[in-house]
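Visitor: Protein chains in written order, with this note's numbering: chain A, 280 to 588; chain B, -2 to 311.
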Amino acid sequence: MATDQDRKLERLVDLLAALLDASQPKSRVELQRVVPLYPEDDVAARRAFSRDVEALAGMGVPVEVGEGQVPTYRVRREEYELPDPGLSEEEAAALHLALATVELDLPEGSPAEALWKLTGGAAERITAPVGPTATLPGHEHLSALWAAVNGRQRIRLAYRGEPREVQPWQLSCQRGHWYLQGFDAAREAARLYRVDRIEGPVEPVGPVGSFERPTTTDTASPPPPWLLGDEVRYVARLWVDAGQADFARAQGGCEVEELRADGSVVLVMPVANPDAFRSFALTLLDHAEVLEPPEARAEIVRWLKATAR
Amino acid sequence: MIRRTTADDRLRRLLALVPWVAARGGADVDEVCARFGCTENELQSDLELLFVCGVHPFTPDALVEAWLDDGRVHISYADWFRRPLRLTPAQGLVLVATARALLSVPGTDPAGPLARALEKVALAVGAEPGEGVEVELGEADSGVLAELQAASAGERRVELDYYSFGSDRFTTRLVDPWLVFSSGGSWYLRGHDHHAGEPRMFRVDRVQAARATDERFERPADPGPTEAYTRRPGDPVVVLDLEPAAAWVAGHHPVDDVEDLGNGRLRVHLPVSEPGWLARLLVGLGPLATVVEGPPELAESGRVTAARLLRRYR
């Protein structure tokens, strides 16, 4: 016996077939004439139709909506269809294994469905052997940023309380955070944005393919947090004991000025984000001391006093 | 958790299943069910429904043909659905980021099947291979990481020279390396610590040296979750009030409860595995966090640590 869900599914399949079959954009009324199972009542039919269009768009069907006096709808085949990637069995298995090993959870990012599309799923369940298992952080802006990076489309976003227009060049996941590297139009300079600090929505601006990415990706590796800022505020000298010296140096963004006989080091570090520098220095507890400049020392003292109170 | 299958879920499955079966001129029911994660009954009802689908005027030549016969699935005249729906941006990113993450692990063949698959997938989603996304799973000495991975795979006990962030101490430990994994941008080792007599978590970038021994171990059936922090029964909880600039704590650490205090301030219930870890967190947060409740030695730990550090700056 056909259920409500069956009827809805049948209507969605028929609507999608009609949208793909149409050589011209069609209005809602035209589509409802050729797609059965819409309610007879016009208000209910209108509501059901817009829910159906939303459902299709939500799963990634490129429904093109014509904004005339009467809106029209169509789906272009070349935009709907996934080109055959021509994966060998071995390559398909490698992808399945990668998705079983590394986890990235995104809305509308179901890896199982992606593999259905690309490889017709897997005949046998593929599970990760003992080996690298990894979880990457998800974030709501990632899909929009990735689409803009791929389409080379400019975006508008807010960061540090200011609106910015950015040519998005690359996404990178480092130290457990996603970063967007791009070109800030107003500041006329390359910038790095931490994706979880982007405020408000990410909006595409202008056409796709509107800029060229730089050929060198020497800035691909994000600097440590104390270098994330619009300008260098001061150059700090930080003493770190022998036990923590390697860890501190591995964070990058510093040079060893002095290696002492006891194995401790003095690091020279340009600082664009004083808050992040203070956090880093305090993370090292008794194993580190800010030597210079006086303003950075004073900030540590102020902070510790406020904490000790 | 079992979620009820919706019409959307069934459509997603059909749009992938139909082109796959049609391109092969039919397929075994068992195989289709295994590949597309459904039961034979579900498949049957979806095909019955597909059988009446098509386009106006719904004459036989304008309908999909789909039926089950003698353990085989047949689908034809489904020309509208001859190819699967393209990947969503999120699916494209998940595939590319996942593959790039694995390729960043030392020892992965940079020209192997995964690298070739990544190149083909990138082209299929309209991305330029090798551009657009970079993933690093964590800073770690590649020698130490390789030694731990080999010991874990070969089920050999390891000796670690380890600096514990939580207790701020250097120690040498004997560990059965159950799992090596990356989470939150760092590599971790989870295994049985013979000194502690219980499972422990180690950060690989805090391992100064790792030496595999000749002793074998047996990996438990459930080696535990691949998360940086797993709550142990009896871990104490502190209640913290966070200023807006410290609200990230609620998303970054596993908290039991978050209350909105208004104006961007939050109250969180934070389980604590190591007192030293909390002291470090509190000193870092400084005036942005206030301990409202908790065992006295924990509640005071930020204050005590800050006072000790201050002496260095006098």
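Heads up, the beta-carbon is just placed ideally off N, CA and C, and yes, glycines get one too. Keep in mind it's a predicted model, so treat the numbers as computed, not measured.
Which residue comes first and which comes last in the alpha helix (DSSP H) that contains G345 of chain A?
Guide: First-last for G345 of chain A: 342 to 345, but that is the beta strand (DSSP E), not the alpha helix (DSSP H).
Visitor: Determine the DSSP secondary structure at H249 of chain B, reduced to helix, strand or coil.
Guide: In this structure, H249 of chain B counts as helix in the three-state DSSP scheme.
Visitor: Let's see if you can read the secondary structure: which residues bound the beta strand (DSSP E) around H266 of chain B?
Guide: 262 to 268 is the extent of the beta strand (DSSP E) around H266 of chain B.
Visitor: Roughly how many whole angstroms lie between the Cα atoms of L14 of chain B and G129 of chain B?
Guide: The alpha-carbon atoms of L14 of chain B and G129 of chain B are separated by roughly 30 Å.
Visitor: Which stretch, first to last residue, makes up the beta strand (DSSP E) that contains A167 of chain B?
Guide: In the sequence on display, residue 167 of chain B carries Phe and not Ala. Taken as a continuous stretch (DSSP letters only), the beta strand (DSSP E) holding F167 of chain B covers 166 to 180.
Visitor: Kindly say whether H250 of chain B, judged by its beta-carbon, lies nearer than 7 Å to any beta-carbon of chain A.
Guide: Taking Cβ atoms only, chain A never reaches closer than 7 Å to H250 of chain B, which makes this a no.
Visitor: Who are M548 of chain A's beta bridge partners in DSSP?
Guide: A:A515.
Visitor: Once the 5 residues before and after F214 of chain B are set aside, which same chain residues still bring their CB inside 6 Å of it?
Guide: Cβ neighbours of F214 of chain B beyond the five flanking positions: E152, R154, D173.
Visitor: Are the C-beta atoms of M338 of chain A and some chain B residue less than 7 Å apart?
Guide: Yes - at least one Cβ of chain B is within 7 Å of the one on M338 of chain A.
Visitor: Decide if N429 of chain A is buried, meaning its Cβ has at least 16 other Cβ atoms within 10 Å, or exposed.
Guide: Under this definition N429 of chain A is a buried residue.
Visitor: Buried or exposed, going by whether 16 or more other CB atoms sit within 10 Å of the CB of D165 of chain B?
Guide: The residue is buried, with at least 16 neighbouring Cβ atoms inside 10 Å.
Visitor: Less than 8 Å between C-beta atoms, sequence neighbours within five positions excluded: which residues of the same chain meet that for R10 of chain B?
Guide: F33, G34, C35, D43.
Visitor: Is V132 of chain B helix, strand or coil when you go by DSSP?
Guide: In the structure shown, V132 of chain B sits in a strand (DSSP, three-state: E or B).
Visitor: Report the residues of the region 179 to 199 of chain B with a CB closer than 8 Å to any CB of chain A, ordered along the chain.
Guide: Answer in chain order: S179, S180, G181, G182, S183.
Visitor: Could one say the Cβ of T498 of chain A lies closer than 7 Å to chain B's Cβ atoms, at least one of them?
Guide: Legend: pLDDT at T498 of chain A = 47, less than 50; position of this residue unreliable, value from coordinates given subsequently. Not an interface residue.
Visitor: Beta strand (DSSP E) containing C30 of chain B: first to last residue?
Guide: Unbroken run through C30 of chain B is the alpha helix (DSSP H), 26 to 33; no beta strand (DSSP E).
Visitor: How many angstroms separate the CA atom of V354 of chain A from the CA atom of R307 of chain A?
Guide: Taking the straight line joining both Cα atoms gives about 14 Å.
Visitor: Between which two residues does the alpha helix (DSSP H) carrying V280 of chain B extend?
Guide: Here the alpha helix (DSSP H) through V280 of chain B covers 272 to 282.
Visitor: Taking the straight line between their C-alpha atoms, what separation do you get for R292 of chain A and L8 of chain B?
Guide: Just to set this straight, residue 292 of chain A is Val in the shown sequence, not Arg. Answer to the nearest angstrom: the Cα atoms are 7 Å apart.
Visitor: Which residues in the same chain as R197 of chain B place their Cβ atom closer than 6 Å to its Cβ, once the five residues preceding and following it in sequence are excluded?
Guide: The residues are D190.
Visitor: Output yes if chain B places a C-beta closer than 7 Å to the C-beta of G479 of chain A; else output no.
Guide: It does not; no Cβ of chain B falls within 7 Å.
Visitor: From the DSSP output, in three-state form, read off V308 of chain A for me.
Guide: It is helical.
Visitor: Closer than 7 Å, Cβ to any Cβ of chain A: which residues of the region 53 to 66 of chain B, in chain order?
Guide: If the cut-off is 7 Å between Cβ atoms, the region 53 to 66 of chain B has H53 near chain A.
Visitor: Using a Cβ-Cβ cut-off of 8 Å (strictly less than) and excluding sequence neighbours within five positions of V26 of chain B, which residues of its own chain qualify?
Guide: Excluding positions up to five away in sequence, the list reads E37, L40, L65, G68, R69, V70.
Visitor: For V102 of chain B, which three-state DSSP category applies?
Guide: In this structure, V102 of chain B counts as coil in the three-state DSSP scheme.
Visitor: For A324 of chain A and chain B, any beta-carbon pair shorter than 7 Å?
Guide: A324 of chain A does not count as touching chain B.
Visitor: Nearest-angstrom Cα distance between L282 of chain B and R581 of chain A?
Guide: Roughly 13 Å separates the two Cα atoms.
Visitor: Mind listing, in chain order, the continuous beta strand (DSSP E) runs of no fewer than 3 residues lying wholly within the region 65 to 97 of chain B?
Guide: List check, beta strand (DSSP E) in window: 69 to 73.
Visitor: State the start and end residues of the unbroken beta strand (DSSP E) segment that holds Q453 of chain A.
Guide: From DSSP, the beta strand (DSSP E) with Q453 of chain A extends over 441 to 453.
Visitor: Which two residues bound the contiguous beta strand (DSSP E) that contains G51 of chain B?
Guide: Counting along the chain, G51 of chain B falls outside any beta strand (DSSP E), and DSSP gives it neither H nor E.
Visitor: In whole angstroms, what separates the C-alpha of A112 of chain B from that of R330 of chain A?
Guide: Cα to Cα, A112 of chain B sits roughly 40 Å from R330 of chain A.
Visitor: Let me check understanding here. Comparing Cα to Cα, which of A:A371, A:G399, A:I405 lies closest to A379 of chain A?
Guide: A379 of chain A has its Cα closest to that of A:I405, out of A:A371, A:G399, A:I405.
Visitor: Please name the residue in B:P251, B:G140, B:W77 whose C-alpha comes closest to that of G51 of chain B.
Guide: Selected option, being the one with the closest Cα: B:W77.
Visitor: Measure the alpha-carbon distance for M(-2) of chain B versus D541 of chain A and round it to whole angstroms.
Guide: For M(-2) of chain B, the predicted structure reports a pLDDT of 46, less than 50, and the residue's modelled location is therefore unreliable. A value from the coordinates is still provided. Going from the Cα of M(-2) of chain B to the Cα of D541 of chain A covers about 56 Å.
Visitor: Relative to the alpha-carbon of P350 of chain A, which residue among A:E357, A:E309, A:P362, A:G339 has its alpha-carbon at the smallest distance?
Guide: Closest by alpha carbon: A:E309.
Visitor: Figure out for me which residue from A:L507, A:V511, A:Q530, A:R325 has the closest Cα to the Cα of V474 of chain A.
Guide: Checked all of A:L507, A:V511, A:Q530, A:R325; the closest Cα to V474 of chain A is A:L507.
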